[in-house]
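Below is one structure; the comments refer to it alone.
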Amino acid sequence: MLASHKKTMTLVVCSVSMFLSSLAYAITHTYDSLNRLTNVRYENGQVIEYKYDSGGNISTIRSMLPTNSAIPSPTSLKAELNADNTILLSWGSVSTASIYEIYSWVQGTSGDVYDQLAVVSGNSYQVMTPGNIKSFKIKACDSTGCSLYSAGFSAGSSVSLADVITVLRILAGISTTSSVSDVSSDGKIGLQEAIYMLQVVAGLRN
Numbered sequence: 001m002l003a004s005h006k007k008t009m010t011l012v013v014c015s016v017s018m019f020l021s022s023l024a025y026a027i028t029h030t031y032d033s034l035n036r037l038t039n040v041r042y043e044n045g046q047v048i049e050y051k052y053d054s055g056g057n058i059s060t061i062r063s064m065l066p067t068n069s070a071i072p073s074p075t076s077l078k079a080e081l082n083a084d085n086t087i088l089l090s091w092g093s094v095s096t097a098s099i100y101e102i103y104s105w106v107q108g109t110s111g112d113v114y115d116q117l118a119v120v121s122g123n124s125y126q127v128m129t130p131g132n133i134k135s136f137k138i139k140a141c142d143s144t145g146c147s148l149y150s151a152g153f154s155a156g157s158s159v160s161l162a163d164v165i166t167v168l169r170i171l172a173g174i175s176t177t178s179s180v181s182d183v184s185s186d187g188k189i190g191l192q193e194a195i196y197m198l199q200v201v202a203g204l205r206n
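Position one of the sequence shown corresponds to residue 1 (this note's numbering), numbered consecutively onward.
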């Protein structure tokens with residue numbers, strides 16, 4: 001009996017220690033107006049986000065890995081609109097990636113904010129209920145983190161000469177309100193974006 005009790009106490013102590021150890025790596029916790037946990041950010045850059053339904057129950061938990069610009073962003077992006085109004089997304093595989101994070105922008109939302117739509121292990125995904133989704137971006141992820149966003153893409157859309165002109169206007173210091181040419185979604189427009197879009201328009205890359 002004593003041995004059994006000792007074993008139980010040992011398991012409890014180990015469990016508590018592991019729990020406290022995990023908390024030690026969480027550097028910030030964010031709560032909403034109802035004092036519900038909404039966001040946990042860890043020292044390694046990982047973020048866990050919690051969303052709640054109208055009844056106050058957790059409806060969504062998503063984990064986002066830190067950005068690692070050394071990982072290539074996915075290319076060869078395609079979005080095919082099917083007869084049943086679903087959208088098939090596909091992209092070129094990144095050799096080191098174990099998972100891909102899919103993000104979407106919904107028309108009518110403020111700004112060009114992309115929210116995480118799904119996490120998959122393959123290089124395709126079927127969007128069953130597109131609704132007002134107008135654009136997608138993909139991140140490739142491995143154990144060290146995730147790449148920068150891919151270029152934005154949508155069903156039936158492509159990069160146009162107008163997009164290239166927008167980039168060149170920004171590089172020349174001419175004001176523009178468009179952010180469609182911010183390929184890496186880092187809030188900056190640079191020479192890399194201009195070269196990328198010129199290559200797409202010229203048919204040198206997908």
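In this text, a Cβ means the ideal position worked out from N, Cα and C, and glycines have one as well.
With distance defined between alpha-carbon atoms, name the residue in the options nearest to residue i.
i	options	result
residue 98	36, 146, 63, 70	146
residue 34	127, 40, 46, 56	56
residue 140	60, 37, 30, 77	77
residue 42	64, 60, 53	64
Following the continuous beta strand (DSSP E) through residue i, name the residue where it begins and the one where it ends.
i	result
residue 126	124 to 127
residue 155	No beta strand (DSSP E) contains residue 155, which DSSP labels as neither H nor E.
residue 91	Element bounds for residue 91: n/a, residue is neither H nor E.
residue 100	99 to 106
residue 38	37 to 42
residue 50	47 to 52
State the DSSP-derived secondary structure class of residue i, mapped to helix, strand or coil.
i	result
residue 21	Annotation note: pLDDT 45 at residue 21 (below 50); position unreliable, no value reported.
residue 117	strand
residue 144	coil
residue 62	strand
residue 180	Reliability of the predicted coordinates at residue 180 is poor, the pLDDT of 49 falling under 50, and no value is obtained from them.
residue 81	strand
At the level of alpha carbons, what is the spacing between residue i and residue j?
i	j	result
residue 81	residue 144	34 Å
residue 38	residue 96	31 Å
residue 89	residue 124	5 Å
residue 72	residue 138	11 Å
Residue i and residue j look like a contact to me (Cβ under 8 Å); what is the Cβ gap, rounded to whole Å?
i	j	result
residue 209	residue 91	Not covered by the structure: residue 209. The range shown for the chain is 1 to 206.
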